[in-house]
Amino acid sequence: MDGVPATGMTAPVRAVLDRAFRDRPLPQIERTERIEAGNRKRTVRITVADGPDLVLQYVSGDPARPITEGALSRAVAGRTPLPIPPIVACGTLGGGSYLLREWVTGTALSEVFGSLDPPTRIETARTLGESLGRVHTTLEVDAFGPLASDTEVSAAAVGGGIATTDTATIASTAGTAATAGGGLAVVTLAADWRTAFRGLVDDGLDAFHGPLADLEPAIRRALDAGIETIPRAPTPRPFPWDYRLGNVLVDGTDSGTGNGTGPELAAILDWESPRSAHREFSLVKAEYLLADWYDASVANGDSGSGSDADTDTDSGFGNVCGTPSAADGNDGVDGEAIREAFYSGYVARLSIPDAYWNERRRLYRLGA
């Protein structure tokens, strides 16, 4: 391959680059380096001499996952100001699929969140709420269920979106991907949102083992008692399944200036395995991953670095497990303050009906 030295270059990486750059000039590759990040993906950093570095992720035996992530990433990047790493290409190769994106240097927010000064911590939580509100405001789906694609996606084919036409609507096609190039589809369609939500909770309960299994009867009783409060036909919205601090990169570790100004968001990562859902369910899941995580970390008194085997800061990948790095709880910012800031950011984009607070939030938390 022209421009690619042998150092660190494996046959799969070479094959993906050949495929990704078959219609455009190949950049000058200096080296490649395997990164341990996550459990399912093989991840490689590609150092480029004449442009931004790249990150290659390859998943064997699951052709839809990286392509789905690439298509949704493009849609969010194309229709919101959220910092989404540019997708170079994604597609299928050798029984698996790949996602090639630009490298983003940053630190996982889970590594530094607790060390931010209180005003900056509050403003960061507010920004995360507003960012989710932007996704829910901008992108619509026309059915409920997991989003998937088995169509090869490239920058030229998709043009920054997941639509099957020139709109922002994701097509729903039972069991298949949308036919337009690079489109996504809602698969395993549910009859309505109430049915879809019930199925999500039932699937989660079926996976309970050990001590958790003792909670199953009480949860099922609560679900039975409250299921009529769940609407059947709200507007479906994309639901990023893993919207957490560990999947947000910031551009430094500056703790802030004391007036709410601190490190900028550098990237929001990990748009794989998305679903479409009632936006309130997506909202409560994000609240759980942010405010409840923070509550737990303060209670544990964890003020460490938050490093673990799945964390690679300054690498373009966040903390998969989200090991806390929190304040000691004595600076006046508790989980409730983080929760309030998150919701204030969200309502700057979308209002939240009273029925969410009075009826549905508690039940949705059981599913989250």
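Letter by letter, the sequence shown follows residues 949 to 1316 in the numbering used here. Where is the CB? At the ideal position from N, CA and C, for every residue including glycine. Source: prediction; values computed, not measured.
Using the three-state DSSP reduction, which class does residue i fall into: helix, strand or coil?
i, result
"glycine 1054", "coil"
"tyrosine 1242", "helix"
"glycine 1152", "helix"
"serine 1273", "Below a pLDDT of 50, predicted positions are generally treated as unreliable, and serine 1273, at 42, falls in that range; no measurement from the model is reported."
"serine 1063", "helix"
"serine 1299", "coil"
"asparagine 1306", "helix"
"proline 1014", "helix"
"tryptophan 1219", "coil"
"tyrosine 1191", "coil"
"glycine 1077", "helix"
"leucine 974", "coil"
"proline 1159", "helix"
"alanine 1139", "coil"
"isoleucine 1178", "coil"
"leucine 1354", "For the chain, the structure presents residues 949 to 1316; residue 1354 sits outside this window and is missing."
"glycine 1147", "helix"
"threonine 1259", "Any reading at threonine 1259 is ruled out, since the residue's pLDDT is 34, under 50, leaving its predicted position unreliable."
"glycine 1280", "coil"
"glycine 1264", "Low per-residue confidence applies at glycine 1264: pLDDT is 38, beneath 50, and the placement is therefore not dependable enough to give any value."
Just curious, the alpha helix (DSSP H) that residue i is in, first and last residue?
i, result
"isoleucine 1286", "1283–1295"
"glycine 1174", "1164–1174"
"glycine 1315", "1309–1315"
"proline 960", "959–968"
Under the assumption that residue i contacts residue j (Cβ atoms under 8 Å), give the Cβ distance between them as a whole number of angstroms.
i, j, result
"valine 1089", "proline 1186", "6 Å"
"valine 1196", "leucine 1057", "4 Å"
"tryptophan 1219", "leucine 1004", "The Cβ separation is near 16 Å, so there is no contact."
"leucine 893", "isoleucine 1216", "No statement about residue 893 is possible, as the shown extent of the chain runs from 949 to 1316 and does not include it."
"arginine 1297", "threonine 1085", "5 Å"
"alanine 1138", "glycine 1093", "6 Å"
"arginine 1308", "threonine 1177", "6 Å"
"valine 1232", "alanine 1316", "5 Å"
"valine 1052", "alanine 1096", "25 Å between Cβ atoms; not a contact."
"arginine 1180", "arginine 1142", "5 Å"
"arginine 1027", "leucine 1087", "7 Å"
"aspartate 1279", "proline 1066", "5 Å"
"leucine 1041", "valine 964", "6 Å"
"valine 1007", "arginine 988", "6 Å"
"glycine 1044", "glycine 1009", "6 Å"
"leucine 1163", "phenylalanine 1156", "7 Å"
"alanine 997", "glutamine 976", "4 Å"
"leucine 1238", "alanine 1073", "7 Å"
"glycine 1077", "tyrosine 1291", "6 Å"
"tryptophan 1189", "serine 1221", "5 Å"
"valine 1083", "valine 1024", "6 Å"
"isoleucine 1015", "glycine 1054", "Their Cβ separation, rounded to whole angstroms, is 24 Å, which puts isoleucine 1015 and glycine 1054 out of contact at 8 Å."
Look up residue i in the DSSP assignment and give the residues it is bridged to.
i, result
"histidine 1226", "Pro1184"
"glycine 1044", "Ser1008 and Leu1041"
"valine 1024", "None; valine 1024 has no bridge partner."
"arginine 1049", "Val1003 and Ile1035"
Where does the unbroken beta strand (DSSP E) through residue i begin, and where does it stop?
i, result
"leucine 1213", "1213–1216"
"leucine 1197", "1196–1198"
Please tell me whether residue i has its Cβ less than 7 Å away from any Cβ of chain C.
i, result
"glycine 1293", "No chain C appears in this structure, which consists of one protein chain only."
Q: With a floor of 3 residues, list each beta strand (DSSP E) that falls wholly inside the stretch 977–1007, ordered by position along the chain.
A: 977–983 and 990–996
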